[in-house]
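Taken in sequence, the protein lines are chains A and B.
Just so you know, we're using the working numbering here: the first sequence kicks off at 416 and counts up by one.
Just so you know, we're using the working numbering here: the second sequence kicks off at 241 and counts up by one.
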Amino acid sequence: MRYLLLAPGAVLFLTVLGCSDPNWGSASGTVTTNGKPLASGVVAFHPTNDGPVAVSSISPDGRFKAMTGAKAGLSVGEYKVTVIDQTIPKMGTTESAKLLTPAKYMSEKTTDLTVTIKAGPNAVNLILND
Amino acid sequence: MLSAPIPNRRSRSREAFTLIELLVVIAIIAILIALLVPAVQKVRDSAAKTQCINNLKQFGIAIHSHHDNFKHIPESVSPWGEGGPPPRTGRGWILKVLPYLDQQPLFDAFAPSLVGDMFSGQGLMNCVPQLQANISVTRCPADDGARGLSTSEYQFSGTLVAVTSYKGVIGTANMGGGWPTSPSGTTDGHNGILNNGLFFRNSYQVKIKFAQVTDGLSNTLAVGEDIHDQSSHGATYYANGDYASCHAPLNTIFIPPIPGNWPRVMSFRSQHLNTVNFCVADGSVRSLSQSVDWLTYQRMCTRAGGEPVQIP
């Protein structure tokens, strides 16, 4: 009888274990520029091989958490990371956006930020230098 | 006297469950429910997706019916003076196809909006109650933010209006320069007439015909889905709420949403697992995987880019 009680517990444990995908990780952290958190903008993770781009907005305290589509996290592997913060032009005008972060972080071709995402949670702290 | 309690005890053990038995039964039921709930959720999601595809199909048919009658794709009329003639009514293309979505009475009710400029309080502003008509064909069941009315739409701040999950494809215009790494390299022309897609707010100045879709109707995306709360550019019948761009990677979703940052968020996305539904210009509906290559996706969004591309 006691073993019967253990069985459902074991099943639940295995179910939870089965949910952790070995090809999926999360990425969260902060963006700092000149020692201060970047208060707005967007972080994008561009895979070095094929795959979707993961993105996150940057919250006022500089924190971000990458999403792939509607799902939190991203596939494991190597990524180039771009960070862009711009002014928001007024709608209905021909005003264009002004870049607030160093230009090299704008493109995956010029950024020097790279990160390897492993299964499970990944702490990614990005430091921007002029 | 001594033999009496024994049959009593035996019969009591037959009539009641022990604690252990009860716990086991509860545990088994719990496991069964745990197995069932995700299955039910999956069925609900797939029903929502089917409904969404149906809605897009209706738009496909409506656009073709409109083209049959008017010999051009339904047009939008910008409220801004962007080179076009007055009246700058702000009427959007979804309003224009209402008769082909079984909404002739609603279309007729919008007749007063044909007069005057919207930013002078006329045009679409003559029809504020009609702007609240929340018809189901414009809403994806998976898009919770489009279920009710909104008071936070651009240019309608504080005014209650219905919102749409479906947006016309403007092409690859880099809205406000929000995605400087956009592989197509298209600059921002969303307020002009040179957009490379099918739906933009000044399309009343050019009135695109199917014959001008030289990439082929079956190779060009026409209407796609958006998650309303991500962009707050969604007033259903309004020329600046009914289009989005392919400048961002497909299915770019920000948590928390940043609708105030319009250059980054006026793109296509969905709540369906890893796919976004599109109505193709030939009237068919496809589900695009979010893992589609960024440049390939952008090529599907242009009507005359001359690139070899096939929609999967």
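We put the CB at the ideal spot given by N, CA and C, even for glycine.
Keep in mind that this is a model prediction, so the values were computed, not measured.
{"Item": "Beta-ladder partner(s) of Ala487 of chain A, from DSSP", "Value": "A:Met482"}
{"Item": "Ser472 of chain A - DSSP class collapsed to helix/strand/coil", "Value": "strand"}
{"Item": "Contact set for Ala544 of chain B: own chain, Cβ-Cβ below 8 Å, skip 5 residues either direction", "Value": "Asn436, Gln452, Val453, Thr454 and Asp455"}
{"Item": "Rounded C-alpha distance that separates Ser397 of chain B from Tyr477 of chain B", "Value": "15 Å"}
{"Item": "Neighbouring residues, chain A, relative to Asn514 of chain B (Cβ below 7 Å)", "Value": "Gly484"}
{"Item": "Minimum C-alpha distance to Glu393 of chain B - residue among B:Ser472, B:Thr290 and B:Thr329", "Value": "B:Ser472"}
{"Item": "Residue-level contact to chain A via CB, Asp466 of chain B, 9 Å cutoff", "Value": "no"}
{"Item": "Residue closest to Pro496 of chain B, alpha-carbon to alpha-carbon, out of A:Ala485, A:Thr448, A:Pro467 and A:Asn438", "Value": "A:Ala485"}
{"Item": "Beta-carbon spacing of Gly432 of chain B, Gly523 of chain B below 9 Å", "Value": "no"}
{"Item": "Contact belief for Ala534 of chain A with Gly440 of chain A at Cβ below 8 Å, rounded distance in angstroms", "Value": "5 Å"}
{"Item": "CA-to-CA distance, Lys297 of chain B to Leu354 of chain B, given in whole angstroms", "Value": "28 Å"}
{"Item": "Endpoints, beta strand (DSSP E) assigned at Thr536 of chain B", "Value": "Unbroken run through Thr536 of chain B is the alpha helix (DSSP H), Trp534 to Met540; no beta strand (DSSP E)."}
{"Item": "Residues from the segment 519 to 539 of chain A in contact with chain B, defined by Cβ distance under 9 Å", "Value": "Met521, Ser522, Glu523 and Lys524"}
{"Item": "Proximity below 9 Å, CB of Leu364 of chain B to CB of Ala402 of chain B", "Value": "no"}
{"Item": "Under 9 Å between C-beta atoms of Val516 of chain B and Glu465 of chain B", "Value": "yes"}
{"Item": "Unbroken beta strand (DSSP E) run spanning Ser458 of chain B, endpoints", "Value": "It is not in any beta strand (DSSP E) - Ser458 of chain B carries neither H nor E in the DSSP assignment."}
{"Item": "Chain A contacts made by the segment 508 to 537 of chain B, where a contact means CB separation under 9 Å", "Value": "Arg509, Ser510, Gln511, His512, Leu513, Asn514, Thr515, Val516, Ser529, Gln530, Ser531, Val532, Asp533 and Trp534"}
{"Item": "Against chain A: residues of the segment 480 to 504 of chain B by CB proximity under 9 Å", "Value": "Asn480, Ala488, Pro489, Leu490, Asn491, Thr492, Ile493, Phe494, Ile495, Pro496, Pro497, Ile498, Gly500, Asn501, Trp502, Pro503 and Arg504"}
{"Item": "Stretch-stretch touch, CB-based, cutoff 8 Å, three pairs: the segment 479 to 496 of chain B with the segment 459 to 470 of chain A", "Value": "yes"}
{"Item": "Three-state secondary structure (DSSP) of Thr290 of chain B", "Value": "helix"}
{"Item": "One or two residues paired with Leu528 of chain B in a DSSP bridge", "Value": "B:Val516"}
{"Item": "DSSP state of Ser441 of chain A mapped onto helix, strand, coil", "Value": "strand"}
{"Item": "Neighbour flag for Tyr394 of chain B against chain A, beta carbons, 9 Å", "Value": "yes"}
{"Item": "Exposure label - Ala518 of chain A; buried when at least 16 CB within 10 Å", "Value": "exposed"}
{"Item": "Under 7 Å by beta carbon: chain A residues contacting Pro339 of chain B", "Value": "Within 7 Å Cβ-Cβ: nothing; Pro339 of chain B doesn't reach chain A, min ~30 Å."}
{"Item": "Nearest residue (CA-CA) to Gly492 of chain A, options A:Gly466, A:Thr525 and A:Asn449", "Value": "A:Gly466"}
{"Item": "Residue range of the beta strand (DSSP E) that includes Ala459 of chain A", "Value": "Val457 to Pro462"}
{"Item": "Listed by chain order, chain B residues near Ala512 of chain A by CB distance under 8 Å", "Value": "Gly416, Gly417, Gly418 and Pro503"}
{"Item": "Assigned exposure category for Val368 of chain B - 16 Cβ within 10 Å defines buried", "Value": "exposed"}
{"Item": "Assigned exposure category for Phe310 of chain B - 16 Cβ within 10 Å defines buried", "Value": "exposed"}
{"Item": "Continuous beta strand (DSSP E) stretch holding Lys336 of chain B: start and end", "Value": "Run containing Lys336 of chain B: none in the beta strand (DSSP E); it sits in the alpha helix (DSSP H), Trp333 to Lys336."}
{"Item": "Ala349 of chain B, enclosing alpha helix (DSSP H) - first and last residue", "Value": "Gln344 to Ala349"}
{"Item": "C-beta contact flag for Val505 of chain B and Gln538 of chain B at 9 Å", "Value": "no"}
{"Item": "Rounded straight-line distance, which links the Cα of Leu489 of chain A to that of Asn395 of chain A", "Value": "A question about residue 395 of chain A goes unanswered here, because the residues of chain A that appear run from 416 up to 545."}
{"Item": "Identity of the residues DSSP links to Ser390 of chain B by a beta bridge", "Value": "B:Val401"}
{"Item": "N-terminal and C-terminal residue of the beta strand (DSSP E) that Val496 of chain A is part of", "Value": "Gly492 to Ile499"}
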